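Numbering (my numbering), first residue to last: 18 to 368.
Using N, Cα and C, we set each Cβ at its ideal position, and we do this for glycine too.
All figures in this text were calculated on a predicted structure; none of them were measured in a lab.
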Ligand SMILES: *[C@@H]1O[C@H](CO)[C@@H](O)[C@H](O)[C@H]1NC(C)=O
Ligand SMILES: CC(=O)N[C@H]1CO[C@H](CO)[C@@H](O)[C@@H]1O
């Protein structure tokens, strides 16, 4: 059996005021049905029960199998590349997809990109069917260049496909990181940062030439960056601390790279759909991903490597932050649970 990789991406649609009334709660869910083409494969079919006003059948099937399970309607694809050229010419893609679906009068459509059938849904009822009723079939995540890079080859919990590694990392997260006792444990660090935020805004508003103008986006992003660094690394600064409490150059790089990673994560990347283009980087996506990856890792690795050494040499004894927790986790046999690569991957995406 080949692997069936299915993921979900939701986009908020741009509504006109009238549409907004009509489609108040409607969110678009794009379901990637990724199926490796294997000639000997049998067909994998996921039928969504036809029980609402709008019926839906999401089908992932190997075209080579030749079986005639119907796909939702969609634009006629070109050979090999499918609808990739059309989509690249009609940016932004979500608007093109919407227009296309409106013209076809359908709530579910299938756009073939390379060898992958992307099934798009605009109807909340079908979306519920996919995300709630059939969620076991769709709970895994798509394998993309960006998610592979940012998770160090799928070592972390957040971006990994639904396999053993994911289950291991999820156990770590739910039992050790996202739990009430840890939340309480780090309360003081968070409230310190809230105080620092107030102080920083006050300084910005009362000093400097363009006094009383505060860039809220800048302040909010760096507040998030500060909290993350405090909780994970127990420090505010990678470099020199700044007298006014604001970010230094390294912190600016860090926050920019983290937000860039988020934007790139499940963004459209040609080589995710046409793997033979990997490395050519036609749309510049791979370069941007590598740059964000390099920046984040350069800043994290110095801290993590040093901390790892301190624990292994016995120099450090007390848990102070999430990094300490991850490094010191033990399995049932008392051996270290995570490798340094797993710690790095988890820290990178925990950001
Ligand atoms: C991402 O960064 C890590 C650490 O520097 C590096 O080992 C890895 O090769 C990078 N990934 C890519 C795709 O550049
Ligand atoms: C730069 C800055 O204001 N840092 C302060 C953040 O909050 C802690 C605890 O209140 C202070 O010790 C820091 O000096």
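Query: Between residue 114 and residue 96, what straight-line distance do the alpha-carbon atoms span, to the nearest angstrom?; Result: 19 Å
Query: Report yes if the CB atom of residue 320 is closer than 7 Å to the CB atom of residue 365, and no otherwise.; Result: no
Query: By Cβ distance, which residues of its chain are closer than 8 Å to residue 231, with the 5 residues on each side in sequence left out?; Result: 218, 221, 222
Query: Any heavy atom of ligand 3 within a distance shorter than 6 Å of the CB on residue 216?; Result: Ligands displayed in this structure: ligand 1 and ligand 2; ligand 3 is not among them.
Query: Determine the direct distance from the alpha carbon of residue 122 to that of residue 136, and round the result to whole angstroms.; Result: 15 Å
Query: Please work out which residues of its chain come closer than 6 Å, Cβ to Cβ, to residue 337, disregarding the five sequence neighbours upstream and downstream, and give them in chain order.; Result: 251
Query: With three or more beta-carbon pairs closer than 8 Å as the criterion, would you say the stretch 231 to 242 touches the stretch 259 to 275?; Result: yes
Query: Report buried or exposed for residue 274, applying the criterion of at least 16 other Cβ atoms within 10 angstroms of its Cβ.; Result: buried
Query: For residue 310, verify whether its CB is less than 6 Å away from any heavy atom of ligand 2.; Result: no
Query: Just the C-alpha distance for residue 174 and residue 224, rounded to the nearest angstrom, thanks.; Result: 44 Å
Query: Return yes when at least one heavy atom of ligand 1 lies under 6 Å from the C-beta of residue 319, else no.; Result: no
Query: Looking only at DSSP bridge pairs, what is residue 125 linked to?; Result: 138
Query: Between residue 314 and ligand 1, is the CB less than 6 Å from at least one heavy atom?; Result: yes
Query: I think residue 248 touches residue 339, with their Cβ atoms under 8 Å apart; what is that distance to the nearest whole Å?; Result: 6 Å
Query: Nearest-angstrom Cα distance between residue 89 and residue 125?; Result: 6 Å
Query: Look up residue 347 in the DSSP assignment and say whether it is helix, strand or coil.; Result: strand
Query: I need the boundaries of the alpha helix (DSSP H) containing residue 201, first residue and last residue.; Result: 197 to 202
Query: Apply the 10 Å Cβ neighbour rule to residue 352 and answer buried if 16 or more other Cβ atoms are within range, or exposed otherwise.; Result: exposed
Query: For residue 240 versus residue 203, is the C-beta distance shorter than 7 Å?; Result: no
Query: CB of residue 15 to nearest heavy atom of ligand 2: below 6 Å?; Result: The question about residue 15 has no answer here: the residues shown for the chain are numbered 18 through 368.
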